[in-house]
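Quick notes on the structure that follows.
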Amino acid sequence: MNERENSIREDDRSVTVIGLGPMGQAMTRTLLAAGHPVTVWNRTAARADGVVADGATPAATPKEAAEASDLVILSLTDYRAMYDILGGATSSLAGRTLVNLSSDTPDRSREAAAWAEGHGAAFLTGGVMVPAPMVGTEAAFVYYSGRERVLEGHRAALAPLGTPKYLGEDPGLAQMMYQAQLAVFLTTLSGLMQATAMLGSAGMKAREALPELLASAGSVGDILRAGEENPGTALDDGEHPGDLSTVTMMGATSDHIVETSRSLVLDLALPLAVQGHYRRAIENGHGGDNWTRIIDSIRGPR
Numbered sequence: 015m016n017e018r019e020n021s022i023r024e025d026d027r028s029v030t031v032i033g034l035g036p037m038g039q040a041m042t043r044t045l046l047a048a049g050h051p052v053t054v055w056n057r058t059a060a061r062a063d064g065v066v067a068d069g070a071t072p073a074a075t076p077k078e079a080a081e082a083s084d085l086v087i088l089s090l091t092d093y094r095a096m097y098d099i100l101g102g103a104t105s106s107l108a109g110r111t112l113v114n115l116s117s118d119t120p121d122r123s124r125e126a127a128a129w130a131e132g133h134g135a136a137f138l139t140g141g142v143m144v145p146a147p148m149v150g151t152e153a154a155f156v157y158y159s160g161r162e163r164v165l166e167g168h169r170a171a172l173a174p175l176g177t178p179k180y181l182g183e184d185p186g187l188a189q190m191m192y193q194a195q196l197a198v199f200l201t202t203l204s205g206l207m208q209a210t211a212m213l214g215s216a217g218m219k220a221r222e223a224l225p226e227l228l229a230s231a232g233s234v235g236d237i238l239r240a241g242e243e244n245p246g247t248a249l250d251d252g253e254h255p256g257d258l259s260t261v262t263m264m265g266a267t268s269d270h271i272v273e274t275s276r277s278l279v280l281d282l283a284l285p286l287a288v289q290g291h292y293r294r295a296i297e298n299g300h301g302g303d304n305w306t307r308i309i310d311s312i313r314g315p316r
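Letter by letter, the sequence shown follows residues 15 to 316 in our numbering.
Shown next, in the form of structure tokens:
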């Protein structure tokens with residue numbers, strides 16, 4: 015335990031929010047509603063007008079914003095923006111906690127933690143797993159990684175944003191989870207648009223197609239849980255029992271999707287990527303295994 019961590023004061027309710035896009039504004043309003051004095055700063059000053067009208071205090075500079083609170087939340091485009099904004103205010107970071115809720119890579123999160131600690135600040139990586147309108151609701155949750163004591167020291171201030179879920183001390187862990195969740199989300203969105211385009215070629219309107227497709231997407235979790243009491247256990251054990259959905263069967267389906275998309279003159283990037291997973295597993299002699307065997311080529315050489 016060091017002097018920086020000892021400086022965390024649980025009774026200090028003030029919070030600074032830097033970055034006032036839709037997410038930053040939602041977090042600011044949520045913190046204000048929870049009774050926290052909030053200081054804000056944004057490169058485009060006019061973006062602060064709405065939250066200032068709601069009770070936030072505008073800071074004239076990043077240095078002033080950082081000095082206003084022990085807890086500084088960053089909601090930016092990426093981690094590069096943190097250096098651009100706080101690079102001229104590093105003398106004001108000692109004894110404070112930076113909670114970076116921006117999206118970037120796990121390696122950049124680790125580098126940022128080292129940078130912050132080099133200037134005497136504590137650092138938490140965070141990933142908000144809901145869109146801006148859901149911040150502060152019961153459905154909201156946020157992944158964090160870094161020193162657990164730092165999170166616990168600021169839990170009361172961070173909890174209103176969403177239930178904190180602590181992953182471990184590695185600053186890259188929360189970012190890894192955030193990117194993994196987004197990999198599922200973005201791939202699902204692309205899949206939905208691919209399917210909507212397929213159905214649209216047959217004359218079906220999106221308003222007719224999407225309800226059916228969304229029901230299908232929502233059932234994926236139930237299907238996986240039905241096949242295994244604790245999903246992922248077989249994967250951890252290196253087991254791929256092919257008693258339900260084999261690589262060969264799923265691969266044939268992926269072939270049909272590619273053929274259908276090609277005949278409709280649709281973009282083939284997504285269908286070909288999926289088809290490639292199954293073809294590589296078959297080429298490696300795993301056609302009779304469960305479809306989960308495709309993880310081998312996704313993991314790459316080991």
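Beta carbons: idealized from backbone N, C-alpha and C, even for Gly. The model shown is predicted, which means the values in this text are computed figures rather than measured ones.
Counting only the same chain and skipping the five closest in sequence on each side, list residues whose C-beta sits under 6 Å from that of residue i.
| i | result |
| --- | --- |
| A80 | V86, A103 and S106 |
| S117 | none |
| D25 | For D25, the predicted model reports a pLDDT of 41, less than 50, meaning its position is unreliable and no value from the coordinates is stated. |
| A70 | T42, V52 and V54 |
| Q324 | What the structure shows of the chain is the stretch from 15 to 316, and residue 324 is not part of that stretch, so it cannot be assessed. |
| M37 | S89 and A146 |
| A223 | T210 and L213 |
| A62 | L34, V54, N56 and P72 |
| A108 | G134 |
On the three-state DSSP scale, how would you describe residue i?
| i | result |
| --- | --- |
| A62 | helix |
| A82 | coil |
| G160 | strand |
| V147 | Correcting the residue identity first, residue 147 is Pro in this sequence and not Val. Here P147 sits in helix by DSSP. |
| L165 | helix |
| P174 | helix |
| T202 | helix |
| E306 | With the sequence shown as reference, residue 306 is identified as Thr, and Glu is not the correct amino acid for it. Three-state result, T306: helix. |
| L320 | Given a span of 15 to 316 for the chain in the structure shown, any question on residue 320 remains unanswerable. |
| T104 | helix |
Would you call residue i buried or exposed, if buried means 16 or more other Cβ atoms sit within 10 Å of its Cβ?
| i | result |
| --- | --- |
| I237 | exposed |
| H270 | exposed |
| R43 | buried |
| T139 | buried |
| Q208 | buried |
| N304 | buried |
| P4 | With the chain represented from 15 up to 316, any question about residue 4 goes unanswered, as that position is not in the structure. |
| T53 | buried |
| N298 | exposed |
| I99 | buried |
| A240 | exposed |
| A194 | exposed |
| I308 | buried |
| T111 | buried |
| I32 | buried |
| N20 | Summary for N20: the model assigns pLDDT 41, below 50, so the residue's position carries little reliability; its value from the coordinates is reported in the next sentence. Per the 10 Å Cβ criterion, exposed. |
| G150 | buried |
Go to residue i, then tell me how far its beta strand (DSSP E) extends in each direction, as first and last residue.
| i | result |
| --- | --- |
| V31 | V29 to I32 |
| P178 | T177 to G182 |
| G141 | A136 to V142 |
| L112 | T111 to N114 |
| A55 | Residue 55 is actually Trp in this sequence, not Ala. Its beta strand (DSSP E) spans residues V52 to W55. |
Where does the unbroken alpha helix (DSSP H) through residue i begin, and where does it stop?
| i | result |
| --- | --- |
| L46 | P36 to A47 |
| W129 | P120 to G132 |
| I312 | I309 to R313 |
| L100 | Y93 to L100 |
Can you name, in chain order, every residue of its own chain whose Cβ lies under 8 Å from the Cβ of residue i, other than the five neighbours on each side?
| i | result |
| --- | --- |
| A127 | F137, T139, G160 and P185 |
| T260 | G301, G302, D303, N304 and W305 |
| A154 | V142, M143, V144, M148, L175, G176 and T177 |
| L280 | Q208, A211, M212 and S215 |
| I312 | H291 |
| I296 | V261, T262 and G265 |
Whose C-beta lies closer than 7 Å to the C-beta of residue i among residues of the same chain, with five residues either side of it excluded?
| i | result |
| --- | --- |
| D68 | R43 and L46 |
| S83 | S28, V29, T30 and T53 |
| R23 | Residue placement at R23 is flagged as unreliable, the pLDDT there being 46, under the threshold of 50; the coordinate-derived value follows with that caveat. D84, listed in sequence order. |
| L286 | V272 |
| A48 | P174 |
| Y157 | G140, G141, M143, K179, L181, A188, M191 and Y192 |
| A231 | T202 and L206 |
Handout entry: Whole runs of the alpha helix (DSSP H) within the stretch 205-252, excluding any shorter than 4 residues
Key = Taking 4 residues as the shortest admissible run, the stretch 205-252 contains the following complete alpha helix (DSSP H) segments, listed from N- to C-terminal end: 220-232, 234-241 and 247-250.
Problem - Uninterrupted alpha helix (DSSP H) stretches inside the stretch 251-296 (no shorter than 4 residues) - result: Along the stretch 251-296, the alpha helix (DSSP H) occurs as fully enclosed runs of 4 or more residues at 261-277, listed in sequence order.
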